Every structure is written in C-alpha cells, then in structure tokens.
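Going by the working numbering, the sequence shown opens with residue 3, and the numbers climb by one from there. Reading through the structure tokens given below for one structure.
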Amino acid sequence: MNKNKVIFVLVDALGYDVATRHFGFLEHLAESGQGAKYRLRGELPSLSRPMYETLLTGLPVWRHGITDNAVCRRSRFPSLFRLTREAGLVNAVAGWGWLLELYGDRPLPFDLSRDRLCLEGSGDIMHGLFYVADEYPDSHLYADGDSLRRLYHPDFLMIHPMGVDNCGHKYGALSKEYAAAAGDSCAQIAQRFAAWRQDGYQLVVTGDHGMDALGRHEGNEPIQREVPLYIVSDQVQGGDFSGEGPLTTLDVAPLLCSLLGIAPAEGMKAESAIHMKHAE
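Right under this line is the structure:
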C-alpha cells in the first residue's frame with residue numbers, strides 16, 4: 003500500500019478564527035499532538051480562483067496570472083494534479099467547477115450537464131465530480147469525495163466544500179450561520195477520519211481565504227487573509243504551532259509534494275517552517 007497518500011480538504015472561506023472556534027475535532031488533534039496546526043497568511047487577492055491556483059501550483063498571483071475570479075482559462079503551470087499524474091500516481095477531486103476549468107481539458111466555460119461527471123480523466127484531473135451551486139450541501143460533497151476514494155483509491159484526493167463560503171457571503175463572518183457551517187464541515191471530516199486513516203491517508207486541511215463581517219473577501223485584512231492549516235501525518239511533528247511563522251499559502255503545494263513523495267515543481271518554495279519529522 004502506498005504510504006504517501008494524501009486527502010487535501012480545501013474548505014472554501016475557512017478563516018483562521020472561525021476554525022479555531024469551531025473546528026473542535028481538528029483542534030483536539032493538534033492539542034493532543036496527534037496532528038499539527040499552523041496559521042497561514044494568505045496571498046493576495048484573497049479571492050477563490052486566484053487562491054486555488056496558488057495553493058495547487060505554489061506560485062503567487064503575479065506569477066501565475068489568475069488575477070481574478072473572472073479569469074477563465076487553463077492553468078499554465080504544473081499543479082498538484084499534473085505532478086501526481088506525471089509521477090504515475092492517481093488523483094481525484096470533488097469540487098467546484100472552476101477546478102475543472104483550470105486543470106481539465108473540457109471546453110470552457112464549465113457546463114453542468116456536460117462536465118459534472120469527469121470520472122475517467124479530463125486533462126490533468128484523472129477522476130472528478132464537480133458542482134457549481136453555492137447551496138450544494140457539504141454533506142453531499144464530502145460523500146462525493148469519499149465515493150471517489152472508494153472507487154479509484156487515489157493517491158491524491160482533493161475535497162472542496164463551499165458551504166462555509168456560501169454562509170459567509172449571505173450572513174457575514176460574525177454570524178451564527180457562518181459558525182454553524184464551519185462546525186458542520188469539521189463534523190464531516192471527523193465522521194470519516196478513522197476510515198481515511200485506516201485506508202492509509204495523510205490529511206491536510208486549509209482554506210483559500212477568510213471572510214469579513216460584511217460577507218466579503220478580496221482585500222488585505224487579517225480576517226480576509228488568515229487561514230488555518232491542519233496536518234495529520236506520520237511525517238509531520240504534532241502540536242499547535244500557530245504562534246510560529248512565517249507561513250503563507252505558498253507553503254501548501256510544496257508540503258503536499260513532500261507528503262506525496264514527489265518532487266516539487268520549479269518555482270515552489272524550497273524551504274518551509276513546517277516541522278517535518280525527517281528534518282529533525
């Protein structure tokens with residue numbers, strides 16, 4: 003069995019503060035030393051599509067050129083999907099349709115009837131289930147991801163729920179709805195955690211950006227930029243390192259490469275403050 007498998011959960015709009023308050027299970031893992039927690043300073047602009055590209059290529063926006071949510075084109079740099087495919091690994095994703103636009107080979111833009119199911123490969127994405135409705139339930143999206151795990155046994159599985167972002171936009175970051183959506187997303191992870199670990203997966207959980215009290219994100223405030231990073235892996239030292247730094251969302255792609263046992267792409271950060279056990 004491949005011991006370098008990773009499930010990467012990108013919880014859209016999961017700000018650092020709401021995760022600290024409501025991601026009780028992952029906070030428990032960090033507190034007990036069974037997992038690690040870090041605070042990441044997000045790149046700018048704190049928008050979704052630019053940050054998907056940053057998280058998956060390890061490049062800043064000025065370099066990769068996905069400058070706004072409305073920039074609809076293919077990625078021009080090696081992503082985790084391309085790197086895993088070229089390394090002979092299997093990848094899969096359950097996520098928002100923009101991911102297929104970035105890393106697939108279907109005609110642009112995304113068409114729900116044509117593109118929701120990409121089960122047998124589309125560009126660098128080998129197996130995918132996609133959605134484009136803000137109200138698509140996180141429970142269904144996590145189930146989509148787990149179905150891909152059971153069907154294809156991917157080495158790299160990305161799960162990308164939108165419920166936190168949806169509630170943040172509707173009600174703002176200080177609302178009970180935003181808090182409840184975060185808590186519910188953590189519960190979905192907690193319910194599947196034992197099965198994922200038993201199946202040999204390491205777990206990485208983060209957000210692409212935060213959310214402000216007005217229900218917006220695009221700017222330079224900490225509430226819009228700061229996101230958590232949780233890691234559960236035998237390769238990473240456990241504990242709460244959220245007071246350390248500096249870490250940014252540029253650290254995520256090279257971390258995933260390291261956990262997967264593949265070489266990082268040119269341009270990714272070479273060093274990181276994440277405490278890897280083999281680096282001690």
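Ideal Cβ placement from N, Cα and C applies to all residues, glycine included. The structure displayed is predicted, hence computed values, not measured ones.
For GLN204, the enclosing beta strand (DSSP E) has its first and last residue at 203-208. Cα atoms of GLY26 and ALA265: separation of roughly 33 Å, rounded to the nearest angstrom. Annotation: TYR203 to VAL8 spans about 5 Å, alpha carbon to alpha carbon. In the displayed model, SER115 falls within a helix according to three-state DSSP. Secondary structure of PRO230 (DSSP, three-state): strand. HIS30 counts as exposed, since fewer than 16 other beta carbons sit within 10 angstroms of its beta carbon. When secondary structure is reduced to three states using DSSP, SER124 falls in the strand class. Within the DSSP bridge table, the entry for ILE191 names no partner. Taking the CA atoms as reference points, VAL229 sits about 14 Å from ALA38. Taking a C-beta distance under 8 Å as the contact criterion, THR59 and ALA255 qualify as a contact pair. Burial is judged here by how many other beta carbons sit within 10 angstroms of a residue's own beta carbon; LEU216 has fewer than 16 and is exposed. Secondary structure at THR69: coil, using DSSP grouped into helix, strand and coil.
Every unbroken stretch of the beta strand (DSSP E) spanning 3 or more residues and falling wholly within the segment 132-174 is given here in chain order: 158-161. For SER124, the closest alpha carbon among the candidates LEU110, ASP70, GLN226, ASP210 is that of LEU110.
Of the residues assessed, ASN4 falls on the exposed side of the cut-off, its CB having fewer than 16 other CB atoms within 10 angstroms.
Contact check between the segment 149-162 and the segment 89-98: three or more CB pairs, one atom from each, fall below 8 Å, which counts as touching. Taking the C-beta atoms as reference points, GLY165 is found no nearer than 8 Å to SER149.
For GLU179, same chain residues with a beta-carbon under 8 Å away, outside a window of 5 residues either side, are CYS169, LYS172, TYR173 in chain order. In this structure, GLU103 places its C-beta atom within 8 Å of the C-beta atom of PHE112.
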